[in-house]
Every structure is written in C-alpha cells, then in structure tokens.
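Sequence order for the protein chains is E and L.
Oh and the first sequence: position 174 is 174 in the UniProt record's numbering, straight run, nothing missing.
Oh and the second sequence: position 360 is 360 in the UniProt record's numbering, straight run, nothing missing.
From the three backbone atoms N, C-alpha and C, an ideal C-beta is built for every residue, glycine too.
Everything below concerns the one structure shown next.
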Amino acid sequence: MSRMQMLTSSRMGRRFLDSSFAAALATPHGVDRYVEMVDPLWSRTETRAEITDVERKTADSVTLTLRPNENWAGFKAGQFVKLSVEIDGVRRTRCYSPANSQFRKDGKIELTIKVDPKGLVSPWLLANARPGMIVQISPAQGEFHIPLPHPRSILLISGGSGITPVMSMLRTLTDRAYIGKVTFLHYAFTEDDVIYRDELAEIEAKYEGVRIIRAYTNADNGDLQGFFSKEHLVAADKHFAEAETYLCGPMPLMDGVRAVFEAEGISDRLHLEQFAAPTRTVPTDEATGELTFSASGEKADNNGQTILEQAEAAGLTPDYGCRIGICNACVSTKLSGITRNVLTGELNTDNDVNIKPCISAPCGDVSIDL
Amino acid sequence: MSTATTTTSQKHKLSPEQIEAFGKELDDLRARIVADLGEKDADYIRDIVNKQKKLEVAGRALLWAGWFPPAWIAGVTALSLSKIIDNMEIGHNVMHGQYDFMNDPQFTAKNFDWDNTIHADSWLYTHNYVHHTFTNIVGKDHDATGYGVIRVTEEQPWHPIWLLNPIFCGTLQVLFQWGTAIQELESEKFFRGEKSWAEMKPGLKRFREKAGKQALKDYALFPLLSGPFAPFAFAGNMAANLVRNLWSSSVIWCGHFPEGAETFSIEETEDESHAEWYYRQILGSANFTGSHLVDVLSGNLSYQIEHHLFPDIPAYRYKEIAIEVREICERYGIRYNEAPMAKQLWSVWKQVFKLTLPDSTYTQGPLAGLREALTFPFRAKQDENARDEQHVVAEAAAA
Ligand code: FES
C-alpha cells in the first residue's frame, strides 16, 4: 500500500476527502476524480469492487469473488446486485444474486454466473474475468429475502443457476445457527450440473435441521427424477403448506411451482425471484406491449409513438429541447425492453442504457426511468 | 440573405432530389461511424482525462510555489492547458453526449460538469439545444448574432453603439467564460425591456450557484492554501482563466463568424427537412487547419463543420470524417469553408471592424455612410412610426 493509499483509507484522510472544503477545491469534478488517480477502488459515489478470485465450478458457469469498496452496504440473502463491466468500451450491466452468506466474515461477495452462449456479458466474463480486475456493482436490491423473525419452517426450491439466491439463504441460515427446519429442493440436469454439490453435502452432514433433495431431470441417480410435480413437493416436504417457500429458477419450473401452490390455495406462502432472460422479440410495425415510466409510476399502452410523445400523453413533463435527437436534453435511462431508433431503425436491446426518448419508440414492453 | 461579406449566397442551389441524396450520404457516413464506436473511443477520452488531471494537479502545485517566477510561469501554463482541455476536448464533447454510448456515468452528458463558470444545464440549453438546432438562424440562434453584444452580420441593424464593436468583441474575449455564463439570460432583452425580472430569476440562480463555486475555488480557496504567497496563486489562477478565455473564444469565433459562413432567416428555414438541416450546418460553419495539438486544444472544433453535422460523435473522429465530408461537398458543389486558424481569426476581426460603420459606407461610399450615421436618430424615430403605422394597418385588416 502506497502512502497515498494509506491517506485515502485512513479515517482522517477520509474525513478530509469527505469535507466540504475538499469538495470546494475539487469543484466541479468532485473528489473521486482525483483520488482514483491513486486507488481505482476508492470512490465516494460508485460502489466498485475488485475481483479477487475466479473459479469455474461447472462447465458453463464462472464464480467470481469480489472485494467491494467501502460504499458497499451489504445485502440480505436472496437479494441481487447489478454488476457492470466494460466490454468494447461500453458498460454492460446485468443482475446477479450473491451466493454467499450475508454474514460472510471477510465481507466479500460471491457471484456465480451461468454462461449463456448467446449472451454477451456471461461469455465475456468466462473468457476474461481475472483477479485484479475492477468492476462496478449497485447496492443490493430486491424483495426476495427471508423476513425477520424467521419462519419456523422454510422450503427452498431452485433450478440450475437459480441456486445462487437460495444458496445464499441457506448459507446465511446455517451461519446464524437457525433452529427451524430447512428443506432444499434443487433441480439440475445431472449431478455434474449442481454448482455447489460438495458444499451442499457438507451442509447436509453438519446440520440436522437441513434436508437436501436433489432432483435430476436427465439422470436417475438423484433423490428425485424428472421435472417438478406435486409428488416431488410432497416427497421433499410433506408439510410444505406450513412452510414459507422461496423459489428461483427457469421459467418452466417457476410456472410449475406456481400452479401447484395456486391449486392448493397457498400462493401467499410462495416467494419468488424472477430473472427472466431478456425477451428478444422481433419487433413488428404494430405497437404492442406496455410502457412503464418507473420514476413516476405511470404506465401506458404502447401506441407506437416516440417515448417522449407517449410520456407527454401520459401527463408527464420530461425534459426536451430539439425533439430531433441532437441536443441530448431528453436523454434517460432505459431500464429494460427493446427500443427502436426512429431515424435509423436501429434496435437497442440492452438494459440500463442511455437512450434519447425523442427519437426512440418502444418495441413491446419497455421500462424507462422517467 | 448572406453575411456581410458573402457576395454570392449558396443557398438553394441544389434540387430537392439532390438535397435528399446528399442527406442520405451523410446519414450513411454517420451510421458507419456509430457502428464502429467502442473501446478505442473509451480509451481515448480516458487518456485525455488522465492527462488533463495531471496537468491540473501540476499547475496547482507549481502555483503553490508561485513566488518563484519560473514556477509561476510553469504553473500558469499547466493550469491554462488543463482548463483548455477540460473545457474543449473533454467538457464540450462529453456534454454533447459524444461518450454517452459508454454508459459510464462519469462520461455521460447528463452528469458532466466542467471547470467553467457557465452552469452545465444552462449550456445544455443555450449551446446544445438552441445553437445546434437553430444554427445561424438570425432571431433564433443567439450565437449567430454575436451573443447580442457583437455585430458579426449585416442582419443585425446598424446602431451608433456598434462604433464600439471591436471593444465589445475584445472585452467578450477577455471575459468569455463570464459572458457565456450569463448568455442564457439574454440580458440585452432585459435592458431593452423585452424581458421581465421574474424571467431572469431562474437563470440568475443557476449563474450564482455555479459561478460562485468556481470563483471561490480559483480566487479564494487555492490562494488561501498558499498562505503568505496567496497573491501569486491568485494572479496565477486569473492568468490561467484569461488564457483559456482568449483561446476558447478565438476557437469559437472561427467556427461561425469568418467570411463565407452564412446566416439564415427564420422564414427560409421553416419546414426544413433533415437533409436541409445538414445543408445549413455546413453553410453556416467554418473549419480551421492546424497541428494535431491545435486539434486537441480546440476540442477538435477545428472541424466545426463535422461537429455541426454530427455533434454527438466523438470529436477526435472528425478528422477522419472530414475527408469524406469534403469529398461529398465537392461533388455537390457545396462550399466547404476551411482556412488556417490565423486566417479565419483575421477574417473575423476584419469583419468586426468593418461592421462598426453603417453598411452604406461600403455599398454607396463613405459619404453615404456618414449621412446614415448622422441621420440615425431621426431615422430611428421614423422607423418606429412606420412600424406603428404598419401595426395599425395590420390590426385593422385582421379586424
Ligand atoms: S429532445 Fe433533443 S435529443 Fe431529444
């Protein structure tokens, strides 16, 4: 650690850098811009993290261990973070759930990322992530976590890479010597596709209150075989109706579980996290879908006009200037969905990116920060 | 209509089909560059920011020892360069959204602010919106008429006050950052009674907020840090701001005021198509040539034409784009205004001096000019009466 780094991380150094005097000296760029000359991790505005470990636990996943800077406020088991990496000069952001216990002692974050061969970020991480790399993360978000006080009986269901948030729940519960009952039902193709196989076995051996049930869809050496059904549910936990259930996995699994819980009339006991893969609908000329203005909570049925016009029609008053894509006054963040540049016809399929609402029309469901 | 010195206007020389074909070529050029944006561009802007930060830190440190003359001179040089790069190659370009494609909050137009007294929001309005949308339309583009304080085109009617034109122009260069900081107020309208005090307020608030912080930093806090040598730091900061003002205003003067850069009327630009908008950007702008360093220090506004065509494409790309734009212009017979920087600047100042006198001086001879000047108060009254009369007639007709 250099002397400057010590200055930025010592309490007095931080006090100075956070002071209004330092801010006034660094106006208008802010203190961060100068301190990062010394330590790229040091920032007051961004949560940045250094990758300290990269592991490939299965053939199609990569597990990153991150050391966040002090802006990281921690998370609740089950929540997710937005991870941003720069690929070809463009910052790309994706959501991932930490898989570690929320009480992990060294404060690091573990992300297990399933590689989507058609995707952009996950194959890139598989190929390029290496210790020492600096990435950005968002504060933890999401309502998918176990409430306090904890329920007496907990049922965790996951499939594939959906294991990460519930793995975090399981690790957090065992970390805190939870004395209730935990049943963990996990779906994978085969034994080799279970990302935390060894650790699950260890946990099972060590904690009496934890039952692990492995269901394999493409092999018959598991506790259960095939896809989710009510029989599976009963086999996993006869008293499933008394448990609080936390579920994360691919859409068919989610739909299956949801249907059973609905039929039983206990939907309120089912909590789920949905990481829907970005829907890549081919846009037609017909206007379909719903436009969500997330900042104001308004919604509108997409009528094919530009987002600026639709926002105004919905009674909002977003900033604008030229209305022809020159002046940048209207730029806003598209949170999700596909938009089409009405001048060039180009499609924008990425999430968390800047677009110009005055020359962008939504294709299907779009959520925008207006 | 044309500027004072453009004798043959270029406007409307092309047929509608030609104009559309020309616009299509520019659209294609743009699409090609946009598709190619990536790591190279991100690296470029980060590298420039790193250099600028080093210059800034070095400048501040040297001025700390500003009692030692060589340190003072080196400090002023470093700080001037830092401020120039911050404003031109970084601030101006990032705030145009040129690096928005990176999705990095540090380099997006919405979040960026610069080492200048003009508030970013105010600039986004006066420059990004008004100037770039209505480029050189007299009555809409405030820049085109010398920010209301210099006479740069015959479209601005002569008044005896323009006898001071060179003084206004020089003063504006010296105080450039302060001039732009209050540009959004259009205070000349306030003094003419066309704007109320209440309308001035939001702009004034923004001005106080931003300019106050800038002045505090440069003229109080940093000098204070130098303790007993505060006057040296104070003078050093003042000198650096002056150098930046003279340089950036010169660069900007060269963009639209030289001989050959045309102005337009509101009527002739009504219902303008996208391609015609491109056309106007070219006719209204002027490039200057210089070294690579001049390109960087001018924020690549040496390629003002390309900048006006594609204000949101990273500016250091204009150099490569210019080759094609020039070729397209040649093919369509469109004037491409380009000259060495000194020549463009000379042309601007010549104009500024020339426009101090009534226009009839040049069209009908010095005596006519003198007569126009001497009879000005009388004619002004007459004009006013004529306007009133017209008004009455128009109203009667409407009724
Ligand atoms: S309103 Fe000017 S870019 Fe959208």
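DSSP state of residue i, grouped into three classes?
i, result
"E/GLN102", "coil"
"L/THR6", "Any answer about L/THR6 is weak, because its pLDDT of 42 lies below 50 and its placement is not dependable; what the coordinates show is given next. Reduced to three states, the DSSP call for L/THR6 is coil."
"E/VAL182", "strand"
"L/HIS131", "helix"
"E/HIS271", "strand"
"L/ILE150", "coil"
"L/CYS254", "helix"
"L/ILE84", "helix"
"E/VAL194", "coil"
"E/LEU155", "strand"
"L/SER248", "helix"
"E/PHE189", "coil"
"E/TYR246", "strand"
"E/ARG340", "strand"
"residue 420 of chain E", "In the structure as shown, chain E starts at 1 and stops at 370, and residue 420 of chain E therefore has no counterpart that could be examined."
"L/PRO70", "helix"
"L/ASN50", "helix"
"L/PRO223", "helix"
"L/ASN287", "strand"
"L/PHE191", "helix"
"L/VAL34", "helix"
"E/ILE355", "strand"
Should residue i and residue j be called a contact, given that it needs their Cβ atoms to be closer than 9 Å?
i, j, result
"E/PHE80", "E/PRO165", "yes"
"L/TYR279", "L/LEU14", "yes"
"E/GLY162", "E/CYS95", "no"
"L/GLU89", "L/TYR303", "no"
"E/PHE189", "E/ASN221", "no"
"E/LYS105", "E/THR52", "no"
"E/SER294", "E/ILE368", "yes"
"L/ASN136", "L/GLU338", "no"
"L/ASP359", "L/GLU56", "no"
"L/VAL352", "L/ILE150", "yes"
"E/THR112", "E/VAL62", "yes"
"E/LEU66", "E/ARG92", "no"
"E/GLY321", "L/ASN128", "yes"
"residue 374 of chain E", "L/ALA31", "This structure cannot speak to residue 374 of chain E, because chain E is shown only from 1 to 370."
"L/ALA74", "L/VAL94", "no"
Would residue i pass as an interface residue toward chain L - the criterion being a Cβ-Cβ separation below 9 Å?
i, result
"E/VAL331", "yes"
"E/ARG92", "yes"
"E/PRO165", "no"
"E/HIS29", "yes"
"residue 371 of chain E", "In this structure chain E extends from 1 to 370, so residue 371 of chain E is not present and cannot be described."
"E/ILE307", "no"
"E/CYS327", "yes"
"E/VAL81", "no"
"E/ILE324", "yes"
"E/MET37", "yes"
"residue 381 of chain E", "No answer is possible for residue 381 of chain E: the residues shown for chain E start at 1 and end at 370."
Using a Cβ-Cβ cut-off of 9 Å, state whether residue i counts as contacting chain E.
i, result
"L/ASP47", "no"
"L/ASN165", "no"
"L/HIS256", "no"
"L/THR108", "yes"
"L/THR133", "yes"
"residue 481 of chain L", "What is shown of chain L runs 1 to 399, which leaves residue 481 of chain L out entirely."
"L/PHE101", "yes"
"L/ASN237", "no"
"L/ASN214", "Just to set this straight, residue 214 of chain L is Gln in the shown sequence, not Asn. By this cut-off, L/GLN214 is an interface position."
"L/PHE229", "no"
"L/ASP141", "no"
Three-pair Cβ contact test at 8 Å for the region 252-263 of chain L versus the region 339-346 of chain L: yes
3-residue-minimum beta strand (DSSP E) runs that sit fully inside the UniProt domain "FAD-binding FR-type" (44-147) of chain E, ordered along the chain: 47-55, 61-68, 81-87, 90-96, 109-114, 134-137
Every unbroken beta strand (DSSP E) inside the region 300-379 of chain L [3 residues or more]: 338-340
Any 3 or more C-beta pairs closer than 8 Å across the region 187-199 of chain E and the region 140-155 of chain E: no
Any 3 or more C-beta pairs closer than 8 Å across the region 281-293 of chain L and the region 225-238 of chain L: no
Inter-stretch contact (C-beta, 8 Å, three-pair minimum) for the region 129-139 of chain E and the region 69-86 of chain E: yes
Three-pair Cβ contact test at 8 Å for the region 194-206 of chain L versus the region 160-180 of chain L: No: the two stretches stay apart, fewer than three of their Cβ pairs being nearer than 8 Å.
Secondary structure, beta strand (DSSP E): runs of 3+ residues fully inside the region 284-335 of chain E: The DSSP assignment places complete beta strand (DSSP E) segments of no fewer than 3 residues inside the region 284-335 of chain E at 290-293, 298-301, in order along the chain.
Given 8 Å, three or more beta-carbon pairs between the region 110-130 of chain L and the region 315-332 of chain E: yes
Cβ contact (3+ pairs, closer than 8 Å) linking the region 366-379 of chain L and the region 322-333 of chain L: no
Sufficient close CB pairs (3 or more, under 8 Å) joining the region 284-301 of chain L to the region 34-45 of chain L: no
The region 53-72 of chain L / the region 33-47 of chain E touching (three or more Cβ pairs under 8 Å): yes
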